[in-house]
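**Student:** Numbering (the numbering used here), first residue to last: 276 to 533.
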Amino acid sequence: MKKYSVYLAFLLSVFLFSPFASLGDSSSFRETLTQVSTLDALLNGAYDGTVTYREIEKKGNFGLGTFQALNGELVALDGKFYQVRANGKVYPVSPEEKTPFVSVTFFEPDLKFAMAGVNYDEFEKKLNAKIPNPNLFYAIKVEGVFAYLKTRSVPKQSKPYPPLIEVIKHQPTFEFKNIRGTMVGFWCPQFIKGINVPGYHLHFISQDRKSGGHVLKFTLKKGVVSLDITPNLFLMLPKKPVTLQEKNGENEIEEIER
Ligand SMILES: [Zn+2]
């Protein structure tokens, strides 16, 4: 089973890389979601970084992810990369820093609309109605004032790395009221399960760039939502084999994300 997974990952990398090489069009590349590793690998404790942020910065100016040994949450916005560590503080990301899992794109909005007085569930419903085709990727930016916002970060792990479901049992969470800032994230299609998070995944950075994290809950008081339709996927898989330790439960992604 393990061998089969590694094989499948290899075949997928060949399949996904080949058509990309022939695109050769910079406008297409800017409409690409670039991702390092897979969600299944991350869930199973593949926390060793494989690609530097120096490389990632060439692939996008907007996105989310994590760091070597799961040392916090990444927010990339307007070409600036921020690390929200487990102490709740925000640090600039060194280009030498490696990531085990990240998703970035060049953010160029195709759709823009105002939204007010919605919680996460209502936000999802409204956005579902706005998304032209759920089988594409969308980069999502929400700028505004949040009446309430709850985020989390993850503490740096040491080997042997525990699976993500164990890590988040001890995750520090942070609550804010009437905070101004930006949520940065993605909609991924349902068929992406195993590779990325199906549905919505959002990170937050405050306007003063002093707080943030992976978004667990929010009520948006008033804001502007921008969507960048992203039809391409570029997947950078770890070259060393990743040990997938255990089978993930059905509700595991839901538990980890919210
Ligand atoms: Zn996250």
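We put the beta carbon where it would ideally sit given N, CA and C, even for glycine.
The structure presented is a predicted model; accordingly, all values stated were derived computationally and were not measured.
#1: Find the nearest neighbour of Gln432 within the set Glu527, Ile467, Gln343, Ser312, judged by alpha-carbon distance.
#2: If we ignore side chains and look at the alpha-carbon of each, how far apart do Lys434 and Tyr322 end up?
#3: What number of angstroms, rounded off, separates the C-alpha of Lys485 from the C-alpha of Pro438?
#4: So for Phe337, helix, strand or coil by DSSP?
#5: Which residues mark the beginning and the end of the alpha helix (DSSP H) in which Glu529 is found?
#6: To test your reading of the DSSP string, which unbroken beta strand (DSSP E) runs of 3 or more residues are found completely within the segment 391-443?
#7: With respect to the beta strand (DSSP E) encompassing Ala316, which residues constitute its N-terminal and C-terminal limits?
#8: Quick one: is Gly335 buried, meaning 16 or more other Cβ sit within 10 Å of its Cβ, or exposed?
#9: Have a look at the DSSP bridge pairing and note the partners of Ile454.
#10: Given 7 Å as the limit, tell me if Leu317 has its C-beta closer than that to any heavy atom belonging to ligand 1.
#11: My output table needs one value for Lys373: the three-state DSSP class, helix, strand or coil.
**Tutor:** This is what the structure holds:
#1: Its Cα nearest to that of Gln432, the residue Gln343 stands out among Glu527, Ile467, Gln343, Ser312.
#2: 9 Å
#3: 29 Å
#4: strand
#5: From DSSP, the alpha helix (DSSP H) with Glu529 extends over 527-532.
#6: Whole beta strand (DSSP E) segments, 3+ residues: 412-427.
#7: It is not in any beta strand (DSSP E) - Ala316 instead sits in the alpha helix (DSSP H) that spans 314-318.
#8: Within a 10 Å sphere around the beta-carbon of Gly335 sit 16 or more other beta-carbons, which makes this residue buried.
#9: Phe421
#10: no
#11: DSSP places Lys373 in the strand class (E or B) of the three-state scheme.
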